[in-house]
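Residue numbers (the working numbering): 7 to 372.
Backbone N, C-alpha and C fix where the C-beta goes; we use that ideal spot for every residue, glycine too.
Notes follow once the structure below has been shown.
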């Protein structure tokens, strides 16, 4: 039942037009539930004693589930039953990031008229990111080798903050379009979630620095060099293209790419009943975690097209990167860093009420 501000059951009083009837739309909204709408036609002599509305809970994460394709044609899959999120099967592409920069260069997606929740999302977005987005010229997103810069290649030359801004924009954009509800958001995976992608369960430690390099095993297994088409690493193709020192590549391995490659070009890793790609190789991936409690370093996971040393190819390796102190200028993100996104539930913070004040009465004692 609807209650008045004093807690008493008051029902709803409707002001009808002079003709003695009224048309209205009943709208019920509740966080984590789908919006409910129903048209009503009321007469002056009509009394609705009780109306029951059943709300459907928003839940994208039923198991098992087929992959979800979002508005940017990203493919997202469930990872593990205890992780209520969907993860992109590949790294964020240049085409995905281009859609974002075009939108930011013109205007932000505006919330629907009279949609207070979307308006609040928009206000938070502006407050958080106003003045921070100053994208480098498009040429700076290009890589050293022009042949490695295509719409299906991973975006590079981005900071963790750039990646988080992309996630905030995509969340706002898809909420506006009705693709996702207020109970879900795009974000970077945490360090712990990224470990789940590569099957690193039971790592010991509170921070990424505690877990760095502790677990043995490469992204593809135990053997060295990697099996054919295991991923995009520093190989003979890089040596041929860049004339790097002979020792700065994986001896006897050739993946056919001198720099980045289109996402999903190499063997995938089984994650549940689906596959994820480029978890080791192509580009390093930002995660939503600091390296240590001191907050001086961001963290990147995985390996990249320039990785060749054994201690850089372990699945448990973390790459600490000092946070920029003055925008992009003092941070060399080079062509090595990119990111992938997850679609996750927004954490719900429940404030405990005093049971007596909430009108629940005293607990039963038996």
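- Comparing alpha carbon positions, the residue from 199, 222 and 211 closest to residue 94 is 199.
- For residue 296, the pairing in a beta bridge is given by DSSP as 304.
- Annotation for residue 350: no alpha helix (DSSP H) segment contains it, though the beta strand (DSSP E) segment containing it runs 348 to 351.
- About 20 Å separates the beta carbon of residue 225 from that of residue 210, a gap too long to meet the 8 Å contact definition.
- Assigned with DSSP and collapsed to three states, residue 103 falls in helix.
- Using a C-beta cut-off of 8 Å, the stretch 296 to 309 makes no contact with the stretch 271 to 283, since fewer than three inter-stretch Cβ pairs fall below that distance.
- Here the stretch 308 to 315 makes no contact with the stretch 173 to 182; the two share fewer than three CB pairs at distances below 8 Å.
- Relative to the Cα of residue 77, the nearest Cα in the group 343, 178 and 196 belongs to 178.
- Less than 8 Å divides the Cβ of residue 344 from the Cβ of residue 98.
- For the 8 Å CB-CB criterion, residue 206 and residue 322 form a contact.
- In terms of CA proximity to residue 202, 277 leads the group 243, 277, 286 and 292.
- If you draw a 10 Å sphere on the C-beta of residue 291, you find 16 or more other C-beta atoms in it, and that means buried.
- Residue 284 is a Cβ neighbour of residue 237, given a cutoff of 8 Å.
- In this chain, residue 271 is not harboured by any alpha helix (DSSP H), its DSSP state being neither H nor E.
- Rounded to whole angstroms, the separation of the alpha carbons of residue 81 and residue 60 is 31 Å.
- The Cβ neighbour count for residue 286, taken over all protein chains shown within 10 Å, is at least 16; the residue is labelled buried.
- In this structure, the beta-carbon distance from residue 341 to residue 162 falls below 8 Å.
- Among the bridge pairs identified by DSSP, residue 47 is matched with 29.
- For residue 263, the secondary structure class from DSSP, reduced to helix, strand or coil, is coil.
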